[in-house]
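This report refers to the structure that appears directly beneath it.
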Amino acid sequence: MKKVVIDPITRLEGHGKISIFLSDVGEVENAYLQIPELRGFEKFCIGRKAEHMPLLTSRICGVCPVAHHFAATKALDAAFNVEPTSAAKKLRELMYCGYIIYDHILHFYYLGGPDFIVGPDAPPEKRNILGVIEKAGLDIGKEVIKHRAYGQRITEILGGKATHPACGLPGGISKSLNEEDRQEIEKMAISCVEFAKFSLKLFHDIVLGNSRYVDMIKSDAYTLKTYYMGLVDVNNNVNFYDGKVRVVDPNGNEFLKFEPKDYLNHIVERVEEWTYVKFPYLKKVGWKGYAGGEDSGIYRVGPLGRLNAADGMDTLLAQEEYEVMYKTLGGKPVHSTLAFHWARLIELLYAAERAVELCKDPEITSTKVRNLPGEPGEGVGVVEAARGTLFHHYALDKDALVKDVNLIVATTNNYPAICMSVRDAAKGLIHDGKVSQGLLNMVEMAFRAYDPCFACASHFAIGQMPLTIEIYNHEKRLLKTVQR
Amino acid sequence: MAKEKLKFAFYWAASCGGCEIAVLDINEKILDVIQIADIVFWPVAMDIKYKDVENMPDKYIDVCFFNGSIRTEEQEYMANLLRQKSKVLVAFGSCAHEGCIPGLANLHNRKEIFQKAYLESKSTVNPEKNVPKTKIEVKEGVLELPEFYDTVKTLDQTVEVDYYLPGCPPPVNLTIEALEAIAKNELPPKGSVLAPLKSVCDECPRKKEDKKISKIYRVYEKVPEPETCLLEQGIICMGPATRSGCGAQCLKVDMPCTGCGGPCPNSPEQGSAMISALASILGLEEEKEKYSDEEVEKLINQIKDPIGTFYMYSLPASILRRKVMKE
Chain A
5 MKKVVIDPIT RLEGHGKISI FLSDVGEVEN AYLQIPELRG FEKFCIGRKA
55 EHMPLLTSRI CGVCPVAHHF AATKALDAAF NVEPTSAAKK LRELMYCGYI
105 IYDHILHFYY LGGPDFIVGP DAPPEKRNIL GVIEKAGLDI GKEVIKHRAY
155 GQRITEILGG KATHPACGLP GGISKSLNEE DRQEIEKMAI SCVEFAKFSL
205 KLFHDIVLGN SRYVDMIKSD AYTLKTYYMG LVDVNNNVNF YDGKVRVVDP
255 NGNEFLKFEP KDYLNHIVER VEEWTYVKFP YLKKVGWKGY AGGEDSGIYR
305 VGPLGRLNAA DGMDTLLAQE EYEVMYKTLG GKPVHSTLAF HWARLIELLY
355 AAERAVELCK DPEITSTKVR NLPGEPGEGV GVVEAARGTL FHHYALDKDA
405 LVKDVNLIVA TTNNYPAICM SVRDAAKGLI HDGKVSQGLL NMVEMAFRAY
455 DPCFACASHF AIGQMPLTIE IYNHEKRLLK TVQR
Chain B
414 MAKEKLKFAF YWAASCGGCE IAVLDINEKI LDVIQIADIV FWPVAMDIKY
464 KDVENMPDKY IDVCFFNGSI RTEEQEYMAN LLRQKSKVLV AFGSCAHEGC
514 IPGLANLHNR KEIFQKAYLE SKSTVNPEKN VPKTKIEVKE GVLELPEFYD
564 TVKTLDQTVE VDYYLPGCPP PVNLTIEALE AIAKNELPPK GSVLAPLKSV
614 CDECPRKKED KKISKIYRVY EKVPEPETCL LEQGIICMGP ATRSGCGAQC
664 LKVDMPCTGC GGPCPNSPEQ GSAMISALAS ILGLEEEKEK YSDEEVEKLI
714 NQIKDPIGTF YMYSLPASIL RRKVMKE
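So the sequences go chain by chain: A and B.
Whatever position you read off the first sequence (first residue = 1), add 4 for my numbering.
Whatever position you read off the second sequence (first residue = 1), add 413 for my numbering.
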């Protein structure tokens, strides 16, 4: 049996490494995506002050610190039995919109999008933000930089710092928004709506206008039938900041809808000896191995997971585009992994529109931004991180020190599905033991669509991951190394 | 003849990715960076392998920006390799500088961390008591994982470091100033921290009245006055013991400094510097010549989780370094 190792030097949860095992006739037998790093937050957060949790846990991810910051803050609301003021909830949501704007732009233009904009077969040194600028023009490049910065600026105004904000408190937020800053945010948000519309137009022109790409999106190699999970509001529309967790089955029917505090009744995680990250699945359905379909408890989260799990978007333009996507891709749910990119842009538009709405809300500049907390206890906080549903669960002692912590982070939810997507892409693209350069790109595309956290650092300016494939024969002796 | 371009390298070890975002946050100035420097190694961004770095002549790289702490054998190897290949090695951000928040893992060891993550976590079902192993036989063959060390180390506990850019993450203006100093060849003496010599208090616009405090409040217990010193309102603020450069950003949203900028130049042990600052203002309401042991204990007991409070970012670099584990 041959062993093919794709060793992407990526970040966040460390380096992701893919090992693909081939049968004697050169067909893919199985694939393993290993995450070889762990940092132990669930252990060293024990004994810390409750109010430090939004600061400590934001260091799990410097790309999505706002998600951890507010999942933690909401867990503290619950643990201290305090309801944040109405203005505080709106300010948190506004800051959250800023974060989604920044993060989704980052992914579409710097990481995932270049696959489409520059082209999946383009040389690796072109499939990056500089390649995007080359293809789309410097003026557009500057707009990308500007709007990504707007998202960060919104977080900075409300949170103190853009990366690793400081404002979350049980019962509210540390500071209210003044009129001058409100106007600045509103101006940026309006500009982001236009930029999101432009980005969607670009997607339509370049991706949907090219039948080859559309065929690729719809192809079996990139199709995975799973359950989907996401937070929804009272109307079952997508919501990033608050609501109930809804799960739909592979046919799109509602399977579960639960309060975040009940997550332990619905999600369990399994441990494998070959990776440091755990594998969550739906308790009711059970673990049936790395398989899709109704009988397997594997579910997906993130942009496509949210759109599939919801009935629609809460803003006008995003809803229009939501309908276009499902019409184009053949109804709900969409199982194409590459549709994550489209879903992400629809969410970008929603976040920008929602930010404008919140800026126009007269309550947004209210100074009633804090309620004082009650006695410390236990609480769960859930938000939708850019990459999916994020669960924080804390138990506090009588001094409001942390007694216990449980975290299920966004990418972890997708981990079983990412493993399958990578395996299936490899199965579709490796035959007779032939491993081509194009294959590396395609396998990479399969997991990049999820914007996985362990690839976060590849968000960076020139956004490429070096990969190594090592091919072993059945005696496990190295035959060949493919690198780029 | 045009001036020869500088050669930059970027590397990350154990970190959260925020330092990379901090570089990105210089926004359009990144275009200026590309004007003055070629980036010769950047694993997240470029197709250059470790092997290519190994083949570089010694001191080939002009400046290497290294973020993240050292926790695995591979990270240790890369720190040594990049030291050898770089004229200037910069510890970029709090993890490389001091170990930062992930350095709080030094209160435990691998065994305890595994126990919690894989066996005791509330959502985990693991009747076979599996934990990840460095070498694992699966049906199709053998898979390997790198070993997870017991202790988090800073960069300068591993190799010699020339400069430090503090902060979690480093403030944008400090990054830009450092890049400009490099471009103009105006870097300060080796060993310098590339940040102002002042403390966060010096940058903080809040008024100080040299008030004593007798009661300590947790941030959620009290809505602070907007314009006066938080410490003098009884909220522990690491400002007096923390290096500035951030513009006291957290204080602008009415939250205390938690110390990510690292120690001030004259008192390199940040935690003890803060304990001493606190000792100088904490006292009983009524003036007293001498406190009883009971009174002292009562005052001190108000401070919860001193390690997490005073050493949130600096445990691996501190005199404490880690908890001694007894088997």
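All C-beta atoms in this analysis are idealised placements derived from N, C-alpha and C, irrespective of residue type, glycine included.
Item to check | Cβ neighbours of Cys-673 (chain B) in the same chain (closer than 6 Å, five flanking residues each side left out) | outcome: These residues qualify, in order along the chain: Ser-507, Gly-580, Cys-581 and Tyr-726.
Checklist entry - Run through DSSP, which three-state label would Gly-516 (chain B) get? => result In this structure, DSSP gives Gly-516 (chain B) a helical state, which the three-state scheme calls helix.
Checklist entry - Since Glu-536 (chain B) meets chain A, which of its residues come closer than 7 Å, beta carbon to beta carbon? => result Reading off the sequence, residue 536 (chain B) comes out as Ser, not Glu. Near Ser-536 (chain B) (Cβ distances below 7 Å), the residues of chain A are Leu-268, Ile-271, Val-272, Glu-273, Asn-410 and Ile-412.
Item to check | Where Thr-167 (chain A) meets chain B, residues with beta-carbon distance less than 7 Å | outcome: Neighbours of Thr-167 (chain A) in chain B, taken as residues whose beta carbon is under 7 Å from its own, are Gly-431, Ile-434, Ala-435 and Pro-582 in chain order.
Next on the checklist: Can you give me the C-alpha to C-alpha distance between Arg-427 (chain A) and Ala-35 (chain A), rounded to a whole angstrom?
Outcome noted: Distance between Arg-427 (chain A) and Ala-35 (chain A), taken at the CA atoms: about 5 Å.
Checklist entry - Taking Lys-7 (chain A) as the reference, which of B:Leu-437, B:Glu-553 and B:Ala-427 has the closest Cα? => result The shortest CA-to-CA distance from Lys-7 (chain A) to any of B:Leu-437, B:Glu-553 and B:Ala-427 is the one to B:Glu-553.
Checklist entry - When you compare only the Cα positions, how much space is there between Lys-420 (chain B) and Ala-591 (chain B)? => result Going by the C-alpha atoms only, they are around 15 Å apart.
Checklist entry - Comparing alpha-carbon positions, which option in A:Glu-258, A:Ile-412 and A:Asn-214 lies nearest Ala-530 (chain B)? => result It is A:Ile-412 whose Cα lies nearest to the Cα of Ala-530 (chain B).
Item to check | Reference Asp-445 (chain B), options B:Val-453, B:Arg-496, B:Tyr-463 and B:Lys-418, closest by Cα | outcome: Between Asp-445 (chain B) and the set B:Val-453, B:Arg-496, B:Tyr-463 and B:Lys-418, the nearest pair of CA atoms involves B:Lys-418.
Item to check | Proximity winner among A:Glu-357, A:Val-211, A:Gln-323 and A:Asp-408, relative to Gly-492 (chain A) (alpha-carbon distances) | outcome: An answer regarding residue 492 (chain A) cannot be provided, because it is not within the stretch 5 to 488 covered by chain A.
Item to check | Residue range of the unbroken beta strand (DSSP E) whose run includes Trp-425 (chain B) | outcome: Per DSSP, Trp-425 (chain B) is one residue of the beta strand (DSSP E) stretching across 419 to 425.
Checklist entry - By a C-beta neighbour count over all protein chains shown, 10 Å radius and 16 as the cutoff for buried, is Gly-430 (chain B) buried or exposed? => result Gly-430 (chain B) is buried by the Cβ-count criterion.
Next on the checklist: Using DSSP's beta-bridge definition, name the partner residues of Met-220 (chain A).
Outcome noted: In DSSP, Met-220 (chain A) forms no bridge with anything.
Next on the checklist: Considering only the alpha carbon of each residue, which of A:Ile-22, A:Gly-155, A:Leu-405 and A:Val-148 lies closest to Val-67 (chain A)?
Outcome noted: Selected option, being the one with the closest Cα: A:Gly-155.
Checklist entry - Quick one: is Tyr-490 (chain B) buried, meaning 16 or more other Cβ sit within 10 Å of its Cβ, or exposed? => result In the assembly as shown, Tyr-490 (chain B) is an exposed residue. Its beta-carbon has fewer than 16 other beta-carbons within 10 Å.
Item to check | Simplified DSSP assignment, three categories, for Val-435 (chain B) | outcome: Before going further, note that residue 435 (chain B) is Ala rather than Val in the sequence given. Helix.
Checklist entry - Taking the alpha helix (DSSP H) that Gly-554 (chain B) falls in, what are its first and last residues? => result For Gly-554 (chain B), there is no enclosing alpha helix (DSSP H); the enclosing beta strand (DSSP E) has its first and last residue at 554 to 557.
Checklist entry - From Pro-307 (chain A) to Tyr-576 (chain B), what does the alpha carbon distance come to, in whole angstroms? => result Distance between the alpha carbons of Pro-307 (chain A) and Tyr-576 (chain B): 41 Å.
Next on the checklist: Give me the residue from A:Asp-237, A:Tyr-231 and A:Lys-261 with the minimum Cα distance to Asp-299 (chain A).
Outcome noted: The candidate whose alpha carbon is nearest that of Asp-299 (chain A) is A:Tyr-231.
Checklist entry - Taking the continuous beta strand (DSSP E) assigned at Val-383 (chain A), which residues delimit it? => result Just to set this straight, residue 383 (chain A) is Gly in the shown sequence, not Val. Unbroken beta strand (DSSP E) run through Gly-383 (chain A): 382 to 389.
Next on the checklist: Given this structure, state the Cα-to-Cα distance separating Gly-178 (chain A) from Cys-432 (chain B), to the nearest angstrom.
Outcome noted: According to the sequence displayed, residue 178 (chain A) carries Ser and not Gly. In this model, Ser-178 (chain A) and Cys-432 (chain B) are separated by some 25 Å (Cα to Cα).
Checklist entry - Beta carbon of Gly-247 (chain A), beta carbon of Ala-314 (chain A): below 7 Å? => result Not in contact: Gly-247 (chain A) and Ala-314 (chain A) (Cβ atoms no closer than 7 Å).
Next on the checklist: Just checking: is the beta-carbon of Cys-460 (chain A) within a distance shorter than 7 Å of some beta-carbon in chain B?
Outcome noted: Low confidence applies here, because Cys-460 (chain A) scores a pLDDT of 37, under 50, leaving its location unreliable; read the following figure in that light. At least one chain B Cβ lies under 7 Å of Cys-460 (chain A).
Checklist entry - Residues of chain B with a CB under 7 Å from the CB of Lys-7 (chain A): which are they? => result Result: Gly-554.
Next on the checklist: Is it buried or exposed, Ser-462 (chain A), if we count other Cβ atoms within 10 angstroms and call 16 or more buried?
Outcome noted: Model confidence at Ser-462 (chain A) stands at a pLDDT of 32, short of 50, so the residue's coordinates are unreliable; what they give is reported in the following sentence. The residue is buried, with at least 16 neighbouring Cβ atoms inside 10 Å.
Item to check | Within-7 Å CB hit, Asp-718 (chain B) to chain A | outcome: At least one chain A Cβ lies under 7 Å of Asp-718 (chain B).
Next on the checklist: For Leu-433 (chain A) and Gly-335 (chain A), what's the separation of their Cα atoms in angstroms?
Outcome noted: In this model, Leu-433 (chain A) and Gly-335 (chain A) are separated by some 27 Å (Cα to Cα).
Checklist entry - Taking a cut of 9 Å between CB atoms, which residues from the region 719 to 733 of chain B lie near chain A? => result Per Cβ criterion, the list reads Ile-720, Gly-721, Thr-722 and Met-725.
Checklist entry - Between the C-alpha atoms of Thr-279 (chain A) and Tyr-217 (chain A), what's the straight-line distance to the nearest angstrom? => result For Thr-279 (chain A) and Tyr-217 (chain A), the distance between alpha carbons rounds to 33 Å.
Checklist entry - With a cut-off of 7 Å, does the C-beta of Tyr-36 (chain A) fall near any C-beta of chain B? => result So, interface residue.
Checklist entry - So the alpha helix (DSSP H) Gly-335 (chain A) belongs to, where does it begin and stop? => result Gly-335 (chain A) -> no alpha helix (DSSP H), and no H or E assigned at all.
Item to check | CA nearest to the CA of Lys-53 (chain A), picked from B:Arg-734, B:Gln-715, B:Phe-527 and B:Lys-621 | outcome: When only C-alpha atoms are compared, the closest one is B:Gln-715.
Item to check | Straight-line gap, Leu-349 (chain A) to Arg-374 (chain A) (C-alpha atoms, nearest Å) | outcome: The straight-line gap from Cα to Cα measures roughly 33 Å.
Checklist entry - Three or more beta-carbon pairs under 8 Å between the region 138 to 156 of chain A and the region 594 to 608 of chain B, yes or no? => result A contact is defined here as three or more CB-CB pairs under 8 Å, and the region 138 to 156 of chain A fails this definition with respect to the region 594 to 608 of chain B.
Next on the checklist: Could you give the first and the last residue of the continuous beta strand (DSSP E) run that contains Thr-393 (chain A)?
Outcome noted: DSSP places Thr-393 (chain A) in the uninterrupted beta strand (DSSP E) bounded by 392 to 400.
Item to check | Val-272 (chain A) and Val-538 (chain B) closer than 7 Å at C-beta | outcome: In this structure, Val-272 (chain A) places its C-beta atom within 7 Å of the C-beta atom of Val-538 (chain B).
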